[in-house]
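Taking it in order: structure first as structure tokens, then the write-up.
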Amino acid sequence: MTRTHYLNVQYGFRSWLLTKDHKRIALLYLASITLFFFLGGAFAVMVRLELVTPPGDLMQAETYNRMFTMHGVMMIFFFLIPSIPAVLGNFLVPMMIGARDLAFPRVNLLSWYLYIIGGVFALVAAVSGGVDTGWTFYTPYSSTYSNSAVIATAVGVFVAGFSSILTGLNFIVTIHKMRAPGLTWFRLPLFIWAHYATSVIQILGTPVLAITIVLLAAERLAGVGIFDPKLGGDPILFQHLFWFYSHPAVYIMILPGMGVISELVTCFSRKKIFGYGFIAMSSVAIAVLGFLVWAHHMFVSGQSIYASMVFSVLSFLVAVPSAIKVFNWTATLYKGSIVYMTPILYAFGFIGLFTIGGLTGLFLSTLAIDVHVHDTYFVVAHFHYIMVGGAVMAYLGGIHFWWPKISGRMYPEGWARFSALVLFVGFNLTFFPQFLLGYLGMPRRYHAYPEEFQVLNVMSSAGASILGVGYLIPMVYLVWSMRYGKPAPDNPWGAKGLEWTTSSPPVTENFEQTPVVTEEAYVYQVEEEAPVG
Amino acid sequence: MADIAHPAELAHQFEDMDQQLDSSVFGMWVFLAQEIMFFGGLFVAYTIYRGAYPEAFREASHHLDLRLGGFNTVVLIASSLTMALAVRAAQLGQRAAIVANLLLTLALGSVFLAVKAYEYHHKYVEHLVPGLGFSFEGSHPANAQMFFVFYFLMTGMHALHMVVGAGLLLYFIHKARRGVYHAGYYGPVEIMGLYWHFVDIVWIFLFPMLYLIG
Amino acid sequence: MYRGFPLFPEAASSVARGVDLLYLFMTAISVLLSIGIFTVIFYFALRYRRRHPDEVPKPIHGSLKLELFWSITPFLVTMIFFGWGTTLYFRNYDPPPGASEIFVVGKQWMWKIQHPDGQREINELHVPSGRAIKLTMATEDVIHSFYIPAFRVKKDVVPGRYTTMWFQPTRPGSYHLFCAEYCGNQHSGMIGRVHVMAPSEFEAWLAGAARGKSMPEAGEELFHRLGCFTCHRADVSGRGPVLEGVFGNAVLLQGGRKLIADEAYLRESILNPGAKLVVGFRTRMPTFAGQINEEGLMQIIAYLKSLPPKKRLDAEP
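Laid out in structure tokens, this is it:
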């Protein structure tokens, strides 16, 4: 007797491609962003292969420039920005608040189709030779000089941006209006707080990128000099408009990850999270402050010394809420009851690597130091520590944690722990040398480099090969587990949270009856508080 | 099965009609927030260049037809009035009034778009469309071209939103004629109204910014 | 520092050590903090591992004191970093008075350097040690960035404007010069060398180096060839303002605005004359955009800067 649930309630392409079920849409996203992850990864492999030797001998400069650009464009816009919100968020937000679906299921499906259309444009751009402007599209190179598929890529990013906006819109309305009875704001899981903050950024920031792309495309098509000084335009205006979105965008990429980590740490310590209020508010603080720091990408572009000072101090401020989270996660472990399942291993990895990544951000906020390391591999190392060591690890930790709920199967724990370890080692070997390379002066986006930088580059490329293996193994066993994994119980981890009260996998409507919430989040034991310290 | 507790118009994810209406209206406000950021980016870029080239922008702006712009402003405000009346009619379940007011709104919106099309054509004939044989007799042709780039982008983006609005109006008129909207279910008309008012407000900003310099 | 496994580039400018010191300080704090957190996590993970499957620890909600402690402490630490870094930056921002000037033009994909006396270099920059050098920089096409790791200095060159930076070399030697803003195909080929020489050797190099006319002479030649002199005469009878002594002095514009004529103003006046019109002149100056490149502009400006100021009747003191 097989139970009916959201995966088997209907079969066939139409039931998937026209679904309104947030859980199926989450899986549609899972499949498509995984594709883009491996495409973006393939471009990275080409980059690291070329950089094994100092001269540019593997491919022409023109090709190399397209490789690193496509790597950045695909990873940022088609993998990282959607990743946790579109897969885990879509799946879990309604379930965590006791709802049957998001507020606007058809808008959710539209969001996925927009993502696909954007992705198609990006793929068309890739096969027609790619784009070579760097993912930052600085003018006037991108508007006047580049001979590559700028418009196709720009359109792809534009459309995918609306996918992101609609996801954020859906989450905001759902969280505001559809919480189960008794689920007040300060009883919400921290995953929800994180996604709420992320959604605010998506709504307010992404449209500015959209209009920037429109301006760039208009200039490229009509040659009208919006950013071309010869016609009265200002190339620095592009940078301001671009970074006004693209800096908050990095918080779109990390906040959901932080939400995941909060869930993992509390569950695998079997203990209420330490400092719930502070963690929730820190997500909001990061979202707000994140909009105020964009010109720290422009310290050496000729802007006034006073503007630089303001953006520098604000950039330091935005680090403080992140630090608060790290300390609160650590404190949650204190006197907890900890088991070393794969999700918490990813969480440990996240906390370690995010700490390093975040601290190196302070170096970049420091004016005198940024002058030296701006546009070098120091920056590349910094953001990969946050986005890969941070966000991707959180994503994988979350995938493993909720895999039993999503698929109804357990993944093989041994292989999973092994891959987490391989990833951790491979990651550090790939990106730590790049901090050293950066301070030594190796600029980024370089196809060829002076001999003295070779040793560190070889280390980095070697690490990348290990990293690649670490990503491939979960592909294999997760797919394997969908058929052959042990059937999962409703709550294999003994976790708190409304999603764990449903079956694994859940029925389409999630809950037979709308639950009523009577307690705070993460109540693993109802008792008087233990004294602190 | 539709009944008092579960009217046919209640979507399955909502508990009751109140939650559905509340969520839809809130959703439209969130959508409008992002539209404000979208147009806002354009306005900021325009304002920066206007500050940099005040004379050129003023000269270029004089080539816009103030009477047509003013006329269009009145037309659009009137269409917001008829839209508001349509929402009111929907709340009261007055089918004929809903249809009539939506039709009027559509008509007024179409007048606006027609005038805009005429203005655009005129600019094309005068060689004031950047990228299509632009030529400006004045002291700063490059900066005047910048004005016209923003003129077309801003009014064009606005017009695009109006075309979408017109399409939506057609859809709502079709539904309203079939009696879909009544006192218990008028949310879609209300959010259509919000969207239309927003498009109107964007024009209220555009008109002085572009037509009334100096 | 170049032996074995280098962690720092050579320190060859007056600010390099200061930057390295701050970097070391921040690294030390970061390492301490990281090791601290990793150790605590490691310790907690071991000490509080689950002993039996049913154990449920007591909840600990939080502690306002701890929260404030680890909010305020990071805040203070970051403010120390900010204060130190900003002070260094402020101090290093303006060149000392009397700095020697060198002019740089970036273009896809090379750096062209002009010394005031006319020595020209491509992808090489010779400078004397112990003297402050101010670079005035422009680009012919896209954004590039002039980066000398050994000096710990970098500045973008942005089309349509001048950017400046300065340094004082301290150690003779030969150091990397990189373009640090992606600029297209040969971005990683837009590299070269900065040669720091003892002052006497530098003078010798100047004397023997390949040179054209000095920049003021080249500028004067352009001034005549392009016909500037037909309107800009040495007396007020010209159709354009007198340019003797214009640099560094106030200019009164139509509409009442006053500004100090600097390199950017002179450059703009040649390329986009209508942008700022001087009071008292009716004739429209034609634009010379397209007829003169960035190097030529620098030469004309050098020429104008070299003119002795005469009594000027067309601008307020």
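Protein chains in written order, with this note's numbering: chain A, 135 to 667; chain B, -19 to 194; chain C, 6 to 322.
Using N, Cα and C, we set each Cβ at its ideal position, and we do this for glycine too.
In this structure, the alpha-carbon of G366 (chain A) lies about 28 Å from that of E106 (chain C).
When the Cα atoms are used, G302 (chain A) and N644 (chain A) turn out to be separated by approximately 21 Å. Under the 8 Å Cβ criterion, the segment 414 to 430 of chain A counts as touching the segment 450 to 458 of chain A, having at least three qualifying pairs. With fewer than 16 other Cβ atoms from the protein chains shown falling within 10 Å of its own Cβ, N254 (chain C) counts as exposed.
Under DSSP, R54 (chain C) takes part in a beta bridge, and its partners are A:I472. By the C-beta criterion, the segment 149 to 159 of chain B is judged to be in contact with the segment 81 to 89 of chain B, since at least 3 inter-stretch pairs fall below 8 Å. Shown in chain order are the members of the segment 268 to 288 of chain C whose Cβ falls below 7 Å from a Cβ of chain B: G279. Shown here for A294 (chain A): same chain residues with a beta carbon closer than 6 Å to its own, the five before and five after excluded, namely F211, Y249, G252 in chain order. Of the candidates A:H205, A:G436, A:Y385, A:V434, the residue whose Cα lies closest to the Cα of A419 (chain A) is A:Y385.
Here K70 (chain C) is exposed. Its C-beta has fewer than 16 other C-beta atoms within 10 Å. With the rule of 3 Cβ pairs closer than 8 Å, the segment 217 to 224 of chain A does not count as touching the segment 282 to 292 of chain A. By the Cβ rule, the segment 468 to 477 of chain A does not count as touching the segment 71 to 84 of chain C, because fewer than three pairs are nearer than 8 Å.
Per DSSP, T138 (chain A) has no beta bridge partner at all. Taking a 10 Å sphere around the C-beta of S149 (chain A), we find fewer than 16 other C-beta atoms and assign the residue as exposed. Put simply, the backbone Cα of F512 (chain A) is about 49 Å away from that of N142 (chain A). Scanning the segment 20 to 80 of chain B for uninterrupted beta strand (DSSP E) segments of 3 residues or longer gives nothing; none is fully contained. I337, L338, G339, T340, P341, V342, A344, I345, T346, V348, L349, A352: these are the residues of the segment 330 to 352 of chain A whose beta carbon lies less than 8 Å from some beta carbon of chain B, given in chain order. In this structure L248 (chain C) is not in contact with L302 (chain C), their Cβ atoms being roughly 14 Å apart against a cut-off of 8 Å. Between the beta-carbon of M8 (chain B) and that of I171 (chain B) there is about 4 Å, and that keeps the pair under the 8 Å contact cut. Against chain A, a Cβ distance below 8 Å from I28 (chain B) picks out D368, L371.
Counting along the chain, Y410 (chain A) sits inside the alpha helix (DSSP H) bounded by residues 410 to 424. Considering only C:K139, C:M142, C:G224, C:L257, the residue with the shortest C-alpha distance to L309 (chain C) is C:G224.
In terms of Cβ geometry, H156 (chain A) and N242 (chain A) form a close pair [threshold 8 Å].
Nearest CB-CB separation between P649 (chain A) and chain B: not below the 8 Å threshold.
When the beta-carbon positions are compared, V82 (chain C) and I153 (chain C) stay at least 8 Å from each other. Spatial neighbours of L570 (chain A) in its own chain (CB-CB distance under 6 Å, excluding positions within 5 residues in sequence) are listed in chain order as L590. Within the segment 39 to 50 of chain C, those residues whose Cβ lies closer than 7 Å to any Cβ of chain A are, in chain order, S39, I42, F43, V45, I46, F49, A50. Using a CB distance cut-off of 8 Å, K157 (chain A) does not count as an interface residue toward chain B.
DSSP places V199 (chain C) in the strand class (E or B) of the three-state scheme. By a beta-carbon distance limit of 8 Å, R30 (chain B) contacts F37 (chain B). Their separation comes to about 5 Å. Interface criterion not met: the Cβ of E170 (chain B) is under 8 Å from no Cβ in chain A. Around H431 (chain A), the same chain offers W377 as residues with beta carbons nearer than 6 Å, after the five sequence neighbours per side are excluded.
Within chain C, the C-beta atoms nearer than 8 Å to that of R579 (chain A) come from Y187, H192, S193, in chain order. Between L22 (chain B) and A58 (chain B), the alpha-carbon positions lie close to 26 Å from each other. In the three-state reduction of the DSSP assignment, P121 (chain C) falls in the coil class.
Taking V348 (chain A) as the centre and dropping the five residues before and after it, the same chain places the C-beta of F292 closer than 8 Å to its C-beta, in chain order.
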